[in-house]
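Residue numbers (the UniProt record's numbering), protein chains in the order written: chain A, 1 to 71; chain B, 1 to 1031. This report concerns only the one structure given below.
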């Protein structure tokens, strides 16, 4: 997995969102369902993608001073 | 009977189409059921006319025919349309076709409906029908039928049947409902039923048509007063019920409450309530009176008892200590007292009646006031409250100059006097005084101090007799009192079974008359005219309600509903359900959407919990929150009482918000890799800690492995000493990116608004420059954030040289983009052409400012000038809204345009507005972006606080040793959990909630939302009763 996975997941989510446009035909309030689905997908994807990207090429390295040595 | 269409024409004003229908009908040319029933409707009009004009005996015929189109239409619709859902017939109309006898008060043979379809209605004219006796036609209603209202309510839809092809479109909370201003012509005998039915449904908001009439001069004030009076009586009964500790039954007679009540039932109820109230009043009054008597008797009894002891004491003292002349009270106390030493313990006397002391040698048996005696010593006896006795004593002593002798005994048991709230402790006293005047004075003094005096016979035998008499009277009275109490409780119990029903009915009736007071009478006072707003989608439901009400009233004169065309701003009705209601409340608290405006509530459903969760990210806390909210949602019916509690209402009404907040918090908590501030490691970490170095105080660095942690923050960061460096940078940037996207969504929502209100200018000259401005500065910032993340700053080329000099500081870059446009510090360069791109973006942003500021006002001014130069003014305001029908019915024209805003084109004002708007937007885009940094700050605070709680309170107990450790762990856990719940979930949750609220109200709503609408508040019994409950 590299940076490209962010893109491909983006494509997948976009596809799911497009699918959601046609999914809730029979529901009582399709607009509500549609909007909720698309927004949730978008929010969750964005957060995941940003978190992933932030760690893709780290500029700093985690440091510890309380590590025990197993001998 | 023949009808000449030409004769009808002048006075009936049949329009061209209906006349054509008539002619078609006469020529027997029927192509479809539609034209048939249309014709039938028109026929019935003309028939009514004739009936009213020529002979009164004939008038039922028209009514019968009036019913025909209704059935004809139903059947012909079904005929034509196979897909017509027969279930729809099972509504209020089902009974009309299937069980005529049950529902309808007039009975109609089922065959009549079929005949109306198969035969031309003209043949039906001569058919005698048994329902004719019941019909009564009122002239004005008949008039309405002759009014063809173009495009609004056709003749057939005035017949009270909901249109078969429902106008219902799918509605959502994206926009408010399309509203219609409707006018109802309600025959006055149906009015009460109609309004009651509408109140049950709660679909229509009546306008006040009598605004200039004061509340006391309205038509139905009398009725309102009447129900006010009944309600007062009911409240009295209820207070009595509460007083007597009778159980209130939580019982509602649903038949009586929901069914249409006739005036007779109401009268009966009023009578019953009056009777109950009268009985309870009488019983209570009698009870009070008897209680007073009871108190008197009790006191009298005590006086008789105590006084006899006092007498005995005195006589006893005389016999045992006759030499006690001039002595003090000393010898008196030593007197043996006939076994009453207990009560006499508190007895005391003023013993220095020097003069009288000698004369005390009167014969106690025959002494007294009335009995003439050589020595005129009399006495008064009475009862006074215990704390006054010393005052009495002192006052008497002073005013009678010591010529008196007072003795008293405390009555042991308290006496419950209805005039006082609590039982009072009292004392019986006896005062001996010499002479008539002194006695009178003593009497007055005692009475003024609140004593009750009782005459006591000096003779012991007669006292005994009196005592026995008093006792027996007391017993009788107690019996009567008990009977009275039982009777009262019985009465109240029977009331308590019904009182809730009565309350509901009375409140509903009162609401009905309040609503009727908003209506207007037509000139003949046969008909009430109501105007109100309702959702266009609800009109069929309202029509069927009108239909049911007409039937309930047993009337054949239908209520007529017509839609008015108006340019008035309708109230806003957002049709919410229990899920969206809470979110809509968040929006409404900021501002109710204008009619047709995009409602942010729809987007708030997801964005609000998500932004909340960014600040509240913790899997454990999110789980607890979800759990609580899920319980609330699952048991929502059982917990409905919470909605009535002042402090719990917030949680109850927001339960679905909290549920979503909890769910999203679990998600963000998973990505933040926090569960009660601990880390999780469901995936392999992307870092490896060295195993050969380290130890306390030795700084070691992890080495990067080939892969990146797939979901969320790598657990390796969790206990790193520099973890804050990383999370701060990450959360800050994420806040900016998400904030810019959120604001972009807000700006984009201007587009549907502009499209809906048909203002293209707002898209091209407001939306476009705004979005370009935002993107050229903050869009670019988002771009470089992503770019910086995606670039490997330590990558080396083939020669082993670093390809990049160093990672740039984005903050500096942004600042220098403004300060030194056109140049980029070589060490901070991210991509080639960066300097050029930045200059370009800056220029674009600068161009957008005058574009936003000037173009729209200038275009508006040009348009205005063009119109004026072509010689057109704006159409002047006063547009009549009501149709001709009002005039025909003699109705007042009610819906006139009250005011149209002045159309004067004021360029200066537009310019000022636009410049404010522009400046606000430009400055806000900067400050709002910064405002989203609260997402980072709150999230940081939450994570740190939960870390502190764990490491300070719970963790030390885990590191303890010794036997006490289990206890310490339990205790530590209890404290930790309580604090977690109260501080982290409760208070932190509240603060994150408020910040999310602000981000929606200010940062999001500002971009597109006016929120200047007025809320739709339909006339509904539910609201009326809820309000009454709250009081």
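The C-beta atom is built at its ideal place from N, Cα and C for all residues, glycine as well.
Beta-bridge partners of residue 66 of chain A, as assigned by DSSP: Residue 66 of chain A pairs with B/696.
Chain B contact residues for residue 61 of chain A, given Cβ-Cβ distances below 9 angstroms: Those within 9 angstroms of residue 61 of chain A in chain B are 687, 701, 702, 703, 704, 720 and 722.
Is the region 389 to 409 of chain B close to the region 429 to 438 of chain B, with three or more CB pairs under 8 angstroms? Enough Cβ pairs lie closer than 8 angstroms, so yes.
How about residue 304 of chain B and residue 466 of chain B: are their beta carbons less than 7 angstroms apart? When the beta-carbon positions are compared, residue 304 of chain B and residue 466 of chain B come within less than 7 angstroms of each other.
Beta carbons nearer than 7 angstroms to chain A: which residues of the region 569 to 592 of chain B have them? Listed by position along the chain: 580.
Here's the rule: buried if 16 or more other CB atoms are within 10 angstroms of the residue's CB, otherwise exposed. What is residue 394 of chain B? It is exposed - the Cβ of residue 394 of chain B has fewer than 16 other Cβ atoms within 10 Å.
Mind pulling the chain B residues with CB within less than 9 angstroms of residue 12 of chain A? One finds nothing in chain B with a Cβ atom closer than 9 angstroms to the Cβ of residue 12 of chain A; even the nearest lies about 15 angstroms away.
Contact set between residue 15 of chain A and chain B, taken where Cβ atoms lie within less than 9 angstroms: None at all; the shortest Cβ gap to chain B is about 19 angstroms.
What in chain A is Cβ-close to residue 1037 of chain B, meaning under 7 angstroms? There is no way to answer for residue 1037 of chain B, as the model of chain B reaches only from 1 to 1031.
Quick one: what does DSSP say residue 12 of chain A is sitting in, helix, strand or coil? Helix at residue 12 of chain A.
Continuous beta strand (DSSP E) stretch holding residue 532 of chain B: start and end: From DSSP, the beta strand (DSSP E) with residue 532 of chain B extends over 527 to 535.
Can a CB atom of chain D be found closer than 7 angstroms to the CB of residue 823 of chain B? No chain D appears in this structure, whose protein chains are A and B.
Chain-order list of residues whose beta-carbon lies under 7 angstroms from that of residue 127 of chain B (same chain, five-residue window excluded): Any reading at residue 127 of chain B must be qualified, since the residue scores a pLDDT of 36, below 50, and its modelled position is unreliable; the value itself is stated next. No residues qualify anywhere along the chain.
For residue 558 of chain B, does the count of other Cβ atoms within 10 angstroms reach 16, so buried, or fall short, so exposed? When all chains shown are included, residue 558 of chain B counts as buried.
Using a Cβ-Cβ cutoff of less than 7 angstroms, which residues in the same chain neighbour residue 5 of chain A once the five nearest sequence positions on both sides are dropped? So the list is empty, once near-sequence residues are dropped.
When you compare only the Cα positions, how much space is there between residue 945 of chain B and residue 257 of chain B? C-alpha separation (whole angstroms): 55 angstroms.
Of the residues that make up the region 785 to 815 of chain B, which ones have a beta carbon closer than 7 angstroms to any beta carbon in chain A? Answer set for the region 785 to 815 of chain B: 786, 789, 790, 791, 792, 793 and 807.
Rounded to whole angstroms, how far is the Cβ of residue 456 of chain B from the Cβ of residue 307 of chain B, which I believe are closer than 8 angstroms? Rounded, the Cβ-Cβ distance is 5 angstroms, consistent with contact.
Just to confirm my understanding: we take residue 714 of chain B, look at its own chain, exclude 5 residues before and 5 after, and list those with CB closer than 7 angstroms. What are they? The answer, listed in chain order, is 685, 686 and 687.
Does the region 654 to 664 of chain B come into contact with the region 625 to 638 of chain B, if we say contact requires no fewer than three beta-carbon pairs (one atom in each stretch) closer than 8 angstroms? Short answer: they touch.
Residue-level contact to chain B via CB, residue 3 of chain A, 7 angstroms cutoff: Nearest CB-CB separation between residue 3 of chain A and chain B: below the 7 angstroms threshold.
Looking at C-alpha atoms only, which residue of B/999, B/1026, B/389 and B/960 is the closest neighbour of residue 587 of chain B? Residue B/999 holds the alpha-carbon nearest to the alpha-carbon of residue 587 of chain B among B/999, B/1026, B/389 and B/960.
Bridge partners for residue 187 of chain B per DSSP, in chain order? DSSP, once it has assigned bridges, lists B/527 as partnering residue 187 of chain B.
Does residue 702 of chain B pass the burial test, meaning 16 or more other C-beta atoms within 10 Å, or should it be called exposed? Counting other Cβ atoms within 10 Å of its Cβ, residue 702 of chain B reaches 16 or more and is therefore classed as buried.
Strictly below 7 angstroms CB to CB, what residues from chain A border residue 740 of chain B? Listed along the chain, the chain A residues whose CB falls inside 7 angstroms of the CB of residue 740 of chain B amount to none; the nearest CB is some 11 angstroms away.
Shortest alpha-carbon distance to residue 413 of chain B belongs to which of B/943, B/249 and B/302? Of the candidates B/943, B/249 and B/302, the one whose C-alpha sits nearest the C-alpha of residue 413 of chain B is B/302.
In whole angstroms, what separates the C-alpha of residue 802 of chain B from that of residue 963 of chain B? Cα-Cα distance, rounded: 59 angstroms.
Below 8 angstroms between beta carbons is the criterion; list the residues of the region 604 to 618 of chain B that meet it against any residue of chain A, in chain order. Here the close residues are 605, 606, 607, 610 and 614.
Interface positions of the region 33 to 55 of chain A facing chain B (Cβ-Cβ less than 8 angstroms), listed along the chain: Under the 8 angstroms Cβ criterion, the region 33 to 55 of chain A contributes 35, 36, 39, 40, 43, 44, 46, 47, 48, 50, 51, 52, 53, 54 and 55.
Got a sec: is the Cβ-Cβ distance from residue 697 of chain B to anything in chain A below 7 angstroms? With 7 angstroms as the cut-off, residue 697 of chain B counts as an interface residue toward chain A.
I'd like to know whether the C-beta atoms of residue 493 of chain B and residue 246 of chain B end up nearer to each other than 7 angstroms. Taking 7 angstroms as the Cβ cut-off, residue 493 of chain B and residue 246 of chain B qualify as a contacting pair.
For residue 294 of chain B, the nearest candidate out of B/487, B/601 and B/478 (CA to CA): Among B/487, B/601 and B/478, the Cα nearest to that of residue 294 of chain B belongs to B/478.
Same chain, Cβ closer than 8 angstroms to residue 859 of chain B, neighbours up to 5 away in sequence not counted: Cβ-Cβ distances below 8 angstroms link residue 859 of chain B to 761 and 765 in the same chain, with the five nearest sequence neighbours on each side left out; the list follows chain order.
For residue 717 of chain B, return the contacting residues in chain A, with the cut-off set at a CB-CB distance below 8 angstroms. For residue 717 of chain B, the C-beta contacts it makes with chain A under 8 angstroms involve 62, in order along the chain.
Which of the three DSSP states, helix, strand or coil, is assigned to residue 397 of chain B? Residue state for residue 397 of chain B is assigned as helix, using DSSP reduced to three classes.
May I ask you to list, following chain order, the residues of the region 190 to 211 of chain B that have a beta carbon less than 7 angstroms from some beta carbon of chain A? Correct list: empty, as no residue qualifies.
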